[in-house]
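Residue numbers (my numbering): 127 to 715.
Glycine included, C-beta positions come from ideal geometry on N, C-alpha and C.
Here's the structure, in structure tokens; my notes come after.
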């Protein structure tokens, strides 16, 4: 293997992935296009080799291990009815259309099954950033899309594993089918037994013996992943299912949250940052551009049927939810993107000789084009629903509130904000946390920039983050991470004074909002509170005019909360006020 060739493969993968993510697409699209552009299909600068193929295969296994470690099996159980219906419709209809178009064109049934599988999957990464940019994370559409993608991708991998075992079995009769079914059942039983009965006590024993180092655990995880992949091979399944299952069981086996997150991040860096991009670039090497001329009809029909099948299938199956066909169409449009899983399935089919290079190339183009249409289609769908006043905010899912900072102002604010929504405060000052607990508030001592602390606070089920520490830069940094990494729908950050206008502009880039719609000198307010120089009062708004508000709330007061119809909202300026609103505000004595 040429080291220079490997270096160039990694370089173009990094550049392509970076360019794609900057444009709001998953990095896999950039990596595929880099392989097509710089590999044999066009420029021919890069080439494959046996050694690179081994690294690429290891990359797929590591990526599936990471996906498994990221998926919480309990979340699958919580998936809403709408999410399950969307997942089934968005998979079954394009799957059937893919099978039909291949068989109708003279291809084998098993090749049609692979094409159908590739057309039926969806990509979670394709949508997440778009949902943030469109400010719809707190809508029912977004909630159903995310749940549906989670269910669809998990089911796709399990179904694919079963199909590959039949595809490689050769002649099928009742005996062979029974043997394959028995092996599959045995594989899942052994995986469950090892993952939930053997690994947890084994890991506790290792912990007692002080085998808790990150390097030791990383090596152990890699060995377990490869062992599960081999176990899958022995069951005549594909290794990717073994690695995926290994990720699921390891998530539960490692009981130490901090170590679990550290190891998940390590697997992510090794897989998505190094090995998996090699696979996607080399997948681009195997694309034949000739299909654009020689198989134009099949190419166009595959892309068209994949798109129509996904949208129509999702909309039809979504009807029993009772939320209307328009919402179903919008969800289907958002789930039309394909990505890593689809390319992995197509690549395995190509290497196994089940599909031809032409079919593989068509599937790659289908993945690229359908994913590219997602931002346009979903934005059109959201605009359509908004015009008809049918864009519903989700009543389930992310509901918790997390406040960063537990100083005297944050504690007073949290106490006043308490209603039915759970509130958790995070502070690196142990004394502040103790005082918050004395007031009956839930508080966590730790650094809010630490993922483990954020997850302990329930960041994954948080609907609102309020960063109100005395440090405006920290507030904006936490707000940005909450939006981009944890997909929190509502973000508020406190800005201290006029010198920090640049931070306000940063907030706008990720849909963050200025807390209380004003700059707050938090330290000064905390001094006043600590010296008992403030009072919390309720102000009723009779006519929401500027004159009345300025008269009732002087400039040196701090309006914080609006109470309306027994619900509480964060004060965000006079424009949102209505007749009869109550404003909870701080006044100096």
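- Note on residue 327: under 16 other CB atoms within 10 angstroms of its CB, so exposed under the neighbour-count rule.
- When the beta-carbon positions are compared, residue 407 and residue 321 stay at least 8 Å from each other.
- With a cutoff of 8 Å on beta-carbon distance, residue 591 and residue 530 are scored as near each other.
- Taking every protein chain shown into account, the CB of residue 193 has 16 or more other CB atoms within 10 angstroms, so this residue is buried.
- Taken atom to atom, the span from the alpha-carbon of residue 230 to that of residue 278 is near 26 Å.
- In the three-state reduction of the DSSP assignment, residue 152 falls in the coil class, being assigned neither a helical nor a strand state.
- Within the same chain, and ignoring the five residues on either side of residue 162 in sequence, the residues whose Cβ sits closer than 7 Å to its Cβ are 168, 410 and 413.
- Of all alpha-carbon atoms in 655, 486, 572 and 709, the one lying nearest the alpha-carbon of residue 694 is that of 709.
- Contact holds between the stretch 601–618 and the stretch 581–590, because three or more Cβ pairs, one in each stretch, are under 8 Å apart.
- In this structure, residue 310 and residue 357 do not form a Cβ contact; the two beta carbons are roughly 12 Å apart against a cut-off of 8 Å.
- One Cα belongs to residue 705, the other to residue 446, and the distance between them is close to 39 Å.
- Under the DSSP assignment, residue 685 falls in the beta strand (DSSP E) whose first and last residues are 684–690.
- Residue 534 holds the alpha-carbon nearest to the alpha-carbon of residue 655 among 669, 610, 639 and 534.
- Per DSSP, reduced to three states, the secondary structure at residue 659 is coil, with no helix or strand assignment.
- A Cβ-Cβ contact shorter than 8 Å links residue 598 with residue 626.
- Straight through space, the alpha carbons of residue 711 and residue 666 are spaced by roughly 11 Å.
- Rounded to the nearest whole angstrom, the C-alpha separation of residue 487 and residue 284 is 24 Å.
- Every unbroken stretch of the beta strand (DSSP E) spanning 3 or more residues and falling wholly within the stretch 510–576 is given here in chain order: 526–530, 549–553 and 568–571.
- With 16 or more other Cβ atoms inside 10 Å of its own Cβ, residue 182 counts as buried.
- In the DSSP assignment, residue 361 falls outside any beta strand (DSSP E) and carries neither an H nor an E.
- Scanning its chain for C-beta atoms nearer than 6 Å, with the 5 sequence neighbours on each side dropped, one finds around residue 185 the residues 401, 402, 404 and 405, in chain order.
- In this structure residue 680 is exposed. Its beta-carbon is surrounded by fewer than 16 other beta-carbon atoms within 10 angstroms.
- In this structure, residue 567 sits near residue 549, with a CB-CB distance shorter than 8 Å.
- In its chain, beyond the 5 residues on either side, 686 have a beta carbon closer than 6 Å to the beta carbon of residue 539.
- A straight-line Cα-Cα distance of about 45 Å links residue 442 and residue 570.
- Of the other Cβ atoms in all chains shown, fewer than 16 fall within 10 Å of the Cβ of residue 426; this residue is therefore exposed.
- Note that the C-beta distance between residue 224 and residue 244 is below 8 Å.
- It is roughly 7 Å from the alpha-carbon of residue 373 to the alpha-carbon of residue 351.
- With respect to the C-alpha of residue 155, the residue from 470, 341, 369 and 173 having the closest C-alpha is 470.
- Rounded to whole angstroms, residue 361 and residue 564 show a C-alpha spacing of 57 Å.
- In the three-state reduction of the DSSP assignment, residue 373 falls in the helix class.
- The alpha-carbon separation between residue 541 and residue 342 amounts to approximately 45 Å.
- Judged by beta-carbon spacing, residue 179 lies beyond the 8 Å limit of residue 480, meaning their Cβ atoms are not closer than that value.
- The residue from 164, 208, 562 and 456 with its alpha-carbon nearest to that of residue 262 is 456.
- Here residue 227 really is in contact with residue 431; their C-beta atoms are around 6 Å apart, less than 8 Å.
- Between residue 660 and residue 715, the C-beta gap is smaller than 8 Å, which places the two residues in contact.
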